[in-house]
Ligand SMILES: Nc1ncnc2c1ncn2[C@@H]1O[C@H](COP(=O)(O)OP(=O)(O)OP(=O)(O)O)[C@@H](O)[C@H]1O
Ligand SMILES: Nc1ncnc2c1ncn2[C@@H]1O[C@H](COP(=O)(O)OP(=O)(O)OP(=O)(O)O)[C@@H](O)[C@H]1O
Ligand SMILES: O=C(O)CCCC[C@@H]1SC[C@@H]2NC(=O)N[C@@H]21
Ligand SMILES: [Mg+2]
Ligand SMILES: [Mg+2]
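Chains as they are written, first to last, in the working numbering: chain A, 124 to 349; chain B, 124 to 349; chain C, 63 to 258; chain D, 12 to 213.
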């Protein structure tokens with residue numbers, strides 16, 4: 124459950140986001156809109172990476188602005204660029220980092236990491252330098268790390284942009300199929316992917332321009348771009 | 124005109140590209156294929172950013188391996204990440220750099236730059252710090268800089284990936300509409316964009332898997348990914 | 063020969079990026095100490111330039127920082143810049159960064175087939191501390207009129223911080239060598255690629 | 012990155028950058044040689060006020076510069092008083108402050124781009140020993156463009172760390188270095204592609 128009330132963000136006097144009020148209970152939420160319309164900023168307020176300068180956001184009833192740490196335990200985040208998200212030299216070390224942060228006892232870290240590598244098809248790359256993984260493998264690793272924390276809400280900011288058809292579908296499926304166990308917020312320019320969600324938000328110039336059934340929202344957006 | 128004869132690239136003992144033989148005279152060439160299939164490597168051999176370790180490539184009859192400088196005068200290159208391509212603090216300075224590299228006489232640089240800024244809708248941003256431009260503006264600037272050199276061949280490696288529908292269409296149109304004046308090689312995961320080309324190449328595991336009419340090549344690629 | 067000495071494009075980019083890193087470190091936790099010579103995280107960048115880039119490129123990166131300061135950009139800690147920074151009591155240390163970074167690079171890379179922790183640590187201490195102080199202390203003494211001995215004593219205040227920076231630089235360099243060997247010059251990089 | 016330059020139209024703003032830097036060098040030597048008494052020191056400081064006026068920078072800017080040097084003043088004056096006596100201390104302190112104030116005037120009245128042009132011209136004689144002045148000036152400008160990018164990379168690492176709820180400590184710098192060096196490789200390729208610098212000969 125995500126709720127925003129009069130949410131606004133100003134940075135250096137510029138209004139980046141204004142007056143966003145919405146309640147989202149649907150398991151799969153798509154966020155679309157033009158470059159610079161405020162999508163990423165909205166996504167970032169959901170786990171406190173960006174602090175609201177007006178109004179507030181709640182995730183599962185936790186006020187993100189007041190208790191960003193508690194909110195972050197609930198909200199996993201997947202960035203567009205997996206490079207920036209992979210913090211350790213190898214996949215095994217990177218997953219171990221997340222496992223420890225998620226409170227896995229020291230003795231069980233190795234086995235949890237091995238199981239996760241296996242589940243995401245990365246077992247053969249466990250100790251390969253992370254920079255040398257392919258784009259798809261990197262994004263898989265980033266997702267594997269986020270899901271180790273078993274977040275109740277998963278926010279993904281254009282997670283498939285750098286991927287090919289096959290990998291994009293794989294990551295997309297993993298993201299959307301997990302819904303049910305968790306709520307997923309998917310910021311994307313891939314309108315086919317957005318169409319598979321339960322509700323869509325469209326941002327425009329820092330404002331929430333439309334909320335509704337993905338088909339309609341997307342059709343209107345396409346019409347305008349043409 | 125682009126010709127590859129038994130082109131191969133090995134890096135640190137790994138085969139990245141093997142045995143690519145093809146002749147391309149079509150004005151608009153699409154290059155598609157999975158992540159890591161060798162598309163970018165192929166594109167980079169066309170202007171000597173990557174040196175072949177086997178066979179050779181020719182652009183308009185110039186052997187790129189032997190005369191990379193002469194080849195580069197003929198071949199413009201557009202990267203995915205506009206940030207890395209913008210080398211100067213402001214759009215005006217960045218275009219001036221390209222103008223000088225293209226041999227525009229000192230006295231005419233300023234007017235050429237102004238005209239190019241105007242043509243790409245960037246006149247209002249001429250002296251704004253480049254890092255503060257939006258993604259779409261950055262990619263426009265990068266394209267404006269490349270085209271100042273009036274390349275006979277333009278190679279673009281996923282130039283629209285980070286852009287929204289509107290900006291992607293704008294850059295795509297600019298790229299493809301210029302064809303005629305120059306040959307365009309477009310590496311892309313955007314299959315709708317690829318479909319607008321005159322011929323498509325599909326790479327697979329470092330080999331040229333198919334060449335032909337875009338519709339057919341794309342349909343086969345889609346079928347396989349599903 | 064002339065051909066040989068010409069920088070390739072990636073070298074130029076690395077020089078610019080490391081100069082950028084040194085500048086960026088100037089914004090990190092500026093510890094305000096009342097004194098003539100600031101305590102700064104920038105010396106960490108100077109050490110890293112040497113350990114990662116090798117002598118020539120490291121020297122060039124520090125040289126670029128000097129030029130940026132000279133043309134009036136606020137690239138030194140506390141947002142200082144302008145020609146004045148080469149005239150004040152801290153200017154000896156500042157000038158010392160250039161030979162210092164080069165000595166770090168020489169010690170860590172000259173004839174090296176791989177990066178070792180002891181050469182890295184030795185380089186950071188000798189180049190990043192001893193050489194810098196060797197330039198800094200005499201200039202500070204001359205500009206304040208204080209004796210060399212007394213000035214050397216006051217510079218002891220920097221030693222704990224600089225020792226920590228040398229240790230951090232060593233650890234970071236070894237970690238980078240593991241995480242991203244392409245960062246290093248070719249001979250070292252190749253040795254690493256074959257090693258398990 | 013915003014320079015320390017203050018836009019304006021004064022005589023000093025219009026003077027060529029090279030001349031200003033040369034004048035600064037001459038005046039710095041002159042101050043060191045001539046300012047030997049407290050009176051000479053006072054005269055030198057008064058002269059800096061004139062220089063600020065010539066640059067239309069105002070007394071407030073002058074005072075701000077002096078305030079920024081307060082610790083320097085206290086320490087230089089204090090230590091010289093103890094070892095050399097009050098007269099020497101006053102003259103010595105005035106000497107240091109004068110030179111720094113004159114340097115500040117040059118910095119504040121000359122835009123970055125003019126400084127870079129002046130730099131390129133000043134380096135011209137070095138062309139014979141293999142230094143390419145254009146290239147040096149170019150790397151300086153490239154670095155100016157790179158600094159904000161390094162900042163944004165650092166920001167990205169910090170965000171990822173927070174989003175993942177992990178502690179990294181100094182290891183975060185390794186991640187930054189990896190990102191920065193990969194970015195450098197991309198910039199290097201762009202340099203080559205734009206015909207500005209040669210690629211490696213493998
Ligand atoms: N830290 C910041 N300082 C100043 N402006 C910012 C900052 N962060 C974002 N902006 C501006 O706010 C606007 C919205 O940015 P945001 O990243 O949320 O857009 P977006 O919808 O995610 O765009 P894209 O599709 O390109 O990712 C942009 O115009 C951007 O330049
Ligand atoms: N310098 C290098 N050293 C080692 N391996 C490399 C290097 N450059 C590329 N590779 C590898 O070569 C393969 C092909 O890479 P390339 O970048 O050409 O793929 P691509 O088709 O462009 O993929 P993408 O769609 O993800 O951009 C990849 O597996 C990549 O990891
Ligand atoms: O910023 C400047 O003007 C130069 C600063 C020089 C600082 C010296 S370098 C060695 C020693 N270690 C520090 O942390 N500060 C001093
Ligand atoms: Mg975004
Ligand atoms: Mg690619």
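For every residue, glycine included, the Cβ atom is placed at its ideal position computed from N, Cα and C.
Check                                                                                                                                                                                          : Outcome
Quick one: which chain D residues come within Cβ less than 7 Å of residue 200 of chain B?                                                                                                      : 204
Are residue 266 of chain A and residue 201 of chain A close, meaning C-beta to C-beta below 8 Å?                                                                                               : yes
Take residue 38 of chain D and list the residues in its own chain whose beta-carbon comes closer than 6 Å to its own, dropping the five residues that flank it on each side.                   : 113
Closer than 7 Å: is that where the CB of residue 153 of chain A sits relative to any heavy atom of ligand 1?                                                                                   : no
Alpha carbon to alpha carbon, what distance is there between residue 229 of chain C and residue 255 of chain C?                                                                                : Confidence is the limiting factor: at residue 255 of chain C the pLDDT is only 49, short of 50, which leaves the residue's position unreliable, though a coordinate-based value still follows. Straight-line Cα distance between these residues: approximately 25 Å.
If you follow the beta strand (DSSP E) that residue 179 of chain A is part of, which residue opens it and which one closes it?                                                                 : 177-182
Which residue marks the beginning of the alpha helix (DSSP H) containing residue 266 of chain B, and which one marks its end?                                                                  : 258-271
Anything in chain D within Cβ reach of residue 209 of chain B, meaning under 9 Å, just list it in chain order.                                                                                 : 156 and 201
State the start and end residues of the unbroken beta strand (DSSP E) segment that holds residue 70 of chain C.                                                                                : First-last for residue 70 of chain C: undefined, no H or E at that position.
Is the separation between the beta-carbon of residue 134 of chain C and that of residue 121 of chain D shorter than 8 Å?                                                                       : yes
Going by DSSP, what residue range makes up the beta strand (DSSP E) through residue 138 of chain B?                                                                                            : 137-147
Please state whether DSSP places residue 166 of chain D in a helix, a strand or coil.                                                                                                          : helix
Is the CB of residue 240 of chain C under 8 Å away from at least one CB in chain A?                                                                                                            : yes
Comparing the C-beta of residue 153 of chain D with each C-beta of chain C, is any distance below 8 Å?                                                                                         : yes
Is the beta carbon of residue 160 of chain A closer than 8 Å to that of residue 327 of chain A?                                                                                                : yes
Spatial neighbours of residue 81 of chain C within its chain, please: CB distance less than 6 Å, with the 5 preceding and 5 following residues excluded, ordered by chain position.            : 123, 126 and 127
For the beta strand (DSSP E) holding residue 335 of chain B, just list the boundary residues, first then last.                                                                                 : 330-335
Report the option in B/262, B/255, B/260 and B/271 whose CA atom is closest to the CA atom of residue 239 of chain B.                                                                          : B/271
On the CB-based measure, 16 or more other CB atoms within 10 Å of its CB, does residue 347 of chain B come out buried or exposed?                                                              : exposed
I'd like to check one pair, residue 309 of chain B with residue 336 of chain B: are the Cβ atoms closer than 8 Å?                                                                              : no
Return yes when the Cβ of residue 306 of chain B is within less than 8 Å of the Cβ of residue 330 of chain B, no when it is not.                                                               : no
Where does the unbroken alpha helix (DSSP H) through residue 230 of chain B begin, and where does it stop?                                                                                     : 229-242
First and last residue of the alpha helix (DSSP H) that includes residue 208 of chain A?                                                                                                       : 205-208
Of the residues that make up the stretch 294-317 of chain B, which ones have a beta carbon closer than 7 Å to any beta carbon in chain A?                                                      : 312
With DSSP as the reference, please indicate the residues paired to residue 131 of chain A in a beta bridge.                                                                                    : A/177
Can you tell me which residues fall inside 5 Å of ligand 2, judged by beta-carbon distance to its nearest heavy atom, and keep chain order?                                                    : A/258, B/134, B/139, B/158, B/159, B/160, B/161, B/162, B/163 and B/164
To test your reading of the DSSP string, which unbroken alpha helix (DSSP H) runs of 4 or more residues are found completely within the stretch 104-152 of chain C?                            : 104-115 and 117-132
Looking at C-beta atoms only, is the number of pairs between the stretch 125-138 of chain B and the stretch 165-181 of chain B that lie closer than 8 Å three or more?                         : yes
Residues in its own chain within less than 8 Å of residue 60 of chain D by CB, not counting five upstream and five downstream?                                                                 : 70 and 73
Leaving aside the five residues before and after residue 190 of chain D along the sequence, list all residues of the same chain whose C-beta is less than 6 Å from its C-beta, in chain order. : 164
In the stretch 196-224 of chain C, which residues sit with their C-beta less than 7 Å from some C-beta in chain D, listed in chain order?                                                      : 205, 206, 207 and 208
Output yes if chain D places a C-beta closer than 8 Å to the C-beta of residue 204 of chain B; else output no.                                                                                 : yes
Under 9 Å Cβ-Cβ, which residues of chain A neighbour residue 179 of chain D?                                                                                                                   : 210, 211 and 220
According to the neighbour-count rule (16 or more other Cβ atoms, all chains shown, within 10 Å of its Cβ), is residue 135 of chain B buried or exposed?                                       : exposed
Mind checking which residues open and close the beta strand (DSSP E) that includes residue 246 of chain C?                                                                                     : That residue, residue 246 of chain C, is in no beta strand (DSSP E); it is neither H nor E in DSSP.
Excluding sequence positions up to five away, which residues of its chain have a Cβ less than 8 Å from the Cβ of residue 138 of chain D?                                                       : 144
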